[in-house]
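Colleague: Heads up: the sequence lines are chains A and B, in that order. To convert a position in the first sequence, counted from 1, into our numbering, add 3. To convert a position in the second sequence, counted from 1, into our numbering, add 274. Backbone N, C-alpha and C fix where the C-beta goes; we use that ideal spot for every residue, glycine too. These numbers come from a predicted model, not from an experiment. Let me begin by handing over the structure; questions about it come next.
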Amino acid sequence: MASVTGVSVADELPGPDGRAPLAGDGARTGRLGDRLFGGAAVGAGLVVIGLVTLIGLFLLWKAIPALAGNEANFLTSREWRVSGDHPRFGIVEMLWTTVAASSIALVISVPVGVAVALFITHYSPRWLARPAANLVDLLAAVPSIVYGLWGLRTFGPTFVPVQEWLTAHLGWFPLFSTTSISGSGTILFIGVVLAIMVLPIVTALSREVFAQTPVAHVEGALALGATKWEMIRTAVLPFGRPGVISASMLALGRALGETIAVTIIVSALSQGTPWTWSLLNGGETFASRIANNAAEFDSPQKTGAFIAAGLVLFVLTFVVNAIARIVIERRKAFTE
Amino acid sequence: MSSVSTAPDVTSSRVQPRGPGSPMLSPLGRQSRGRQLRDHLARILVWLAFLVALAPLVWILWSVISQGYHLLLDSGWWTHSQKGITARREGGGAVHAIQGTLLQGAVTAAISVPLAVLTAIYLVEYGRGKLARTVSFMVDILTGIPSIVAGLFIYAVWVTTLGFQRVAFAVSLSLVLLMIPTVVRSTEEMLKLVPNELREASYALGVPKWKTIVKVVLPTAFSGIVTGILLGLARVMGETAPLLILGPYTKSIATDLFGGYMATLPTMINQDRTESLQPAVDRVWAAALTLIILILILNLAGRLVARLGSVRK
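Below, the structure written as structure tokens:
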């Protein structure tokens, strides 16, 4: 803690027997130990700083030559040909798939996650609150590859009729128009799976802030005759809003970077497939494209292209997480 | 923040207002029907959301358990590898993958735990000013780093720059990047819970700072730190993305961290995920179940440690 310096300075005043209190029995002040241990702690902190800096620098260093050799516009091209003498690659398609799927995940998981958090903190019977919280946390303990496997083999086939219904009844809407993808490897479906995966993140953090709602606010609302729902709407939700926002951002960060579940489920499109806004189309996210091609990192040019894609993903998640942190910090500043 | 943080004491901080859900007289008079209706609707929706959230959990566990359990009952699963077993043939086990997962997990923990705990000690006990804020910020960045990017980074260093092969140790290095932030954050929380009086009492006895940390602060927070480590380990053991880049699958047992490929449970699942032959499909589900059990054991152990000795305020 910052207030405790802990530097053990020997007392200057002589003890009752006329000797300096510690010098007499040869006790050490522990300064050397302090220096070593403190040095190790600072060193560990520096290693962490170094690691993150290295990650950024290395990715940049490997990506720049590949980007320089790129003959298409990296930001706007839909092509992805990284081998050969004339590489042409761009990220716009991956960006669309990644952002669209993550947005779907958020649209589903935030309302449900907040409701679950409200259930745990305010609605569930007392005996159920803790088991319920543990069960939702258990969702976070399921490895993402198991989500992928389950999505591919079990959930996917069940989801196909939903997609067929969407195209049949809402096909006139660009987001739900028919595409060449017939199975469940669509942006919409990975959005749904991602929603399940990030649900525990939304719930865990929302639950924490909801539980911290000042009792005075709650009792005040109730004393004024509010129903339970009105109390939640006027006291709990406004108090928890920053927490919910940052929880959503953390969840978004997780959804953007999720790799293996998406890689397993989504159907990659072949080169030159015509562009469509449909959410029932396939595609590849940044992470899934890198993972799908992990076996082909043989030339620096190829590797560099994928690293460039990874760098964009890194920046994207960084921005999202930073927003989450800023919101949390601001809330702290308010409540303290 | 780790999603499986040690659960806050939900029940104790919960407010249980009595009565207002049922019609009663408020100072403003009787609640109108519309308000009551909305209240009921909210209650139903919240319950519904909870059930909706549970559905996938139950469904996932059911599909994995029902399709995977029978292979786990076979003792061969725990004693044999997949060496010489094709997708068409039944038999073989997962011991090569289990061993690989445990070994890589152990190496990851061995590297990241000292680093992460020391970083947390720095942040709580020593750090102040600009450097501490920078370290804290960097830990936040590490928290948000996608696992595939961690894999790419280690690939760029280990294979592209240093010219080494793709080996188990490189996998562990990438997992270290993912484990450090979770352990730092949980350890930090636990160290902050240690009452300052304990530190001051120790200083008053003339104990130097480093000894105070080692003999007073760390033992007090010990169980919480262990919980954080176990939960962090559970998270990285289920990680697949860096393994796709750095740790190709192999069917036989491998123990060499620096040479040859090493199988893990995630890559074993990934290997045969598109297989349609029944023996291979069975093995995929069984491997998934094994992985879930392994991670669940770590989670439960973490919670148990947390319950046995939590920091008392």
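Can you tell me whether ASN470/B is buried or exposed, with buried defined as 16 or more other CB within 10 angstroms of its CB?
Modeller: As a position in the second sequence, residue 470/B is number 196, starting the count at 1. Exposed.
Colleague: If you compare alpha carbons, which of GLU513/B, SER410/B and VAL500/B is closest to ALA47/A?
Modeller: Start at 1 with the first residue of the first sequence, and residue 47/A comes out as number 44. Minimum Cα distance to ALA47/A is reached at SER410/B.
Colleague: Which residue wins for smallest C-alpha separation from TRP333/B, given the options ALA132/A, TRP153/A and VAL115/A?
Modeller: Working through the second sequence from its first residue, we reach residue 333/B at position 59. Among ALA132/A, TRP153/A and VAL115/A, the Cα nearest to that of TRP333/B belongs to TRP153/A.
Colleague: Is TRP321/B helix, strand or coil by DSSP?
Modeller: Looking up residue 321/B in the second sequence gives position 47. Here TRP321/B sits in helix by DSSP.
Colleague: Take MET200/A and list the residues in its own chain whose beta-carbon comes closer than 6 angstroms to its own, dropping the five residues that flank it on each side.
Modeller: As a first step, residue 200/A must be located in the first sequence, where it is residue number 197. Contacts found: TYR150.
Colleague: Tell me ARG91/A's beta-bridge partners as DSSP assigns them.
Modeller: Here residue 91/A corresponds to residue number 88 of the first sequence, with the count starting at 1. Answer is ARG84/A.
Colleague: Anything in chain A within Cβ reach of THR434/B, meaning under 7 angstroms, just list it in chain order.
Modeller: In the second sequence, the residue the question calls residue 434/B occupies position 160. In chain order: LYS65, PRO303 and THR306.
Colleague: Taking MET412/B as the query, report the chain A residues whose CB atoms sit under 7 angstroms from its CB, ordered along the chain.
Modeller: Here residue 412/B refers to the residue found at position 138 when the second sequence is read from its first residue. Those within 7 angstroms of MET412/B in chain A are VAL51, ILE52 and VAL55.
Colleague: Are the C-beta atoms of ILE2/A and some chain B residue less than 8 angstroms apart?
Modeller: No statement about residue 2/A is possible, as the shown extent of chain A runs from 4 to 339 and does not include it.
Colleague: Taking a Cβ distance cut-off of 8 angstroms, strictly less, list which residues of the segment 133-154 of chain A are near chain B, in chain order.
Modeller: ARG133, ALA135, ALA136, ASN137, LEU138, VAL139, ASP140, LEU141, LEU142, ALA143, ALA144, VAL145, PRO146, SER147, ILE148, VAL149, TYR150, GLY151, LEU152 and TRP153
Colleague: Just to confirm, are MET453/B and VAL381/B a CB contact at a threshold of 8 angstroms?
Modeller: As a working note, residue 453/B is residue 179 in the second sequence. As a working note, residue 381/B is residue 107 in the second sequence. In this structure, MET453/B lies away from VAL381/B, with their beta-carbon atoms at least 8 angstroms apart.
Colleague: Return helix, strand or coil for ASP348/B, following the three-state DSSP convention.
Modeller: Locating residue 348/B in the second sequence gives position 74, where the first residue counts as 1. Looking at ASP348/B - three-state DSSP - the assignment turns out to be coil, as it is neither helix nor strand.
Colleague: Closer than 7 angstroms by beta-carbon distance: list the chain D residues that pair up with ILE199/A, in chain order.
Modeller: Of the protein chains in the structure, A and B, none is chain D.
Colleague: Whole angstroms is fine: what's the gap from PHE77/A's alpha carbon to PHE92/A's?
Modeller: As a working note, residue 77/A is residue 74 in the first sequence. As a working note, residue 92/A is residue 89 in the first sequence. Taking the straight line joining both Cα atoms gives about 6 angstroms.
Colleague: Alpha carbon to alpha carbon, what distance is there between GLY502/B and THR456/B?
Modeller: Against the second sequence, residue 456/B aligns to sequence position 182. Against the second sequence, residue 502/B aligns to sequence position 228. Approximately 7 angstroms, taken between the alpha carbons.
Colleague: Quick one: using the 10 Å Cβ neighbour count with 16 as the cut-off for buried, is ALA5/A buried or exposed?
Modeller: Mapped onto the first sequence, residue 5/A falls at position 2. At ALA5/A the pLDDT is 37, less than 50, meaning the model places this residue with poor confidence; the figure from the coordinates comes in the next sentence. Looking at its Cβ environment, which holds fewer than 16 other Cβ atoms inside 10 Å, ALA5/A is exposed.
Colleague: So what does DSSP say about PRO277/A, is it helix, strand or coil?
Modeller: Residue numbering aside, residue 277/A sits at position 274 when the first sequence is read from its first letter. Reduced to three states, the DSSP call for PRO277/A is coil.
Colleague: TRP351/B CB to nearest chain A CB: under 8 angstroms?
Modeller: The sequence position of residue 351/B within the second sequence is 77, counting from 1. The beta carbon of TRP351/B sits no closer than 8 angstroms to any beta carbon of chain A.
Colleague: Quick check: the Cα distance between ALA281/B and MET542/B, rounded to an integer number of angstroms?
Modeller: Sequence index remark: in the second sequence, residue 281/B carries index 7 (1-based). Sequence index remark: in the second sequence, residue 542/B carries index 268 (1-based). Note that ALA281/B has pLDDT 37, beneath the 50 cutoff, so the model's placement of it is unreliable and the number below is only indicative. Taking the straight line joining both Cα atoms gives about 32 angstroms.
Colleague: Can you list, in chain order, the residues of its chain whose CB lies under 6 angstroms from that of ALA390/B, leaving out five sequence neighbours each side?
Modeller: One-based indexing of the second sequence puts residue 390/B at position 116. Excluding sequence neighbours, ALA390/B sits near ILE454, VAL457 and VAL458.
Colleague: Between the segment 478-509 of chain B and chain A, which residues of the former have a C-beta closer than 8 angstroms to a C-beta of the latter?
Modeller: GLY480, VAL481, PRO482, LYS483, TRP484, LYS485, THR486, ILE487, VAL488 and ALA508
Colleague: If you reduce the DSSP assignment to three classes, tell me which class HIS370/B lands in.
Modeller: Against the second sequence, residue 370/B aligns to sequence position 96. In this structure, HIS370/B counts as helix in the three-state DSSP scheme.
Colleague: Under 6 angstroms Cβ to Cβ from ALA239/A, same chain only, skipping five residues before and after it: list those, please.
Modeller: The residue you call residue 239/A lines up with position 236 of the first sequence. Sequence inspection shows Val at residue 239/A; the Ala mentioned does not correspond to that position. Around VAL239/A: PHE213 and THR216.
Colleague: Does any residue of chain A bring its CB to less than 8 angstroms from the CB of SER337/B?
Modeller: If you number the second sequence from 1, residue 337/B lands on position 63. Yes, contact with chain A.
Colleague: ALA44/A and TYR400/B: beta carbons closer than 8 angstroms?
Modeller: Locating residue 44/A in the first sequence gives position 41, where the first residue counts as 1. Locating residue 400/B in the second sequence gives position 126, where the first residue counts as 1. Against a cut-off of 8 angstroms, the Cβ pair of TYR400/B and ALA44/A comes out as a contact.
Colleague: Beta-carbon separation of ALA323/B and VAL119/A under 8 angstroms?
Modeller: Numbered from 1 along the second sequence, position 49 holds the residue referred to as residue 323/B. Numbered from 1 along the first sequence, position 116 holds the residue referred to as residue 119/A. Here ALA323/B is near VAL119/A, since their CB atoms are less than 8 angstroms apart.
Colleague: Measuring CA to CA, which of TYR396/B, VAL491/B, SER448/B and ALA537/B is closest to LEU39/A?
Modeller: Working through the first sequence from its first residue, we reach residue 39/A at position 36. If we check each option's Cα against that of LEU39/A, TYR396/B comes out closest.
Colleague: Verify the CB distance criterion: does ALA104/A have a CB-CB separation below 8 angstroms to chain B?
Modeller: Your numbering for residue 104/A matches position 101 in the first sequence. Answer no: the Cβ-Cβ gap between ALA104/A and chain B never drops below 8 angstroms.
Colleague: Looking only at its chain, what residues have a beta carbon closer than 6 angstroms to the beta carbon of ALA224/A, apart from the 5 residues adjacent to it on each side?
Modeller: Position 221 of the first sequence, counted from the start, is the residue given in the question as residue 224/A. Cβ within range, chain order: MET234, THR237 and ALA238.
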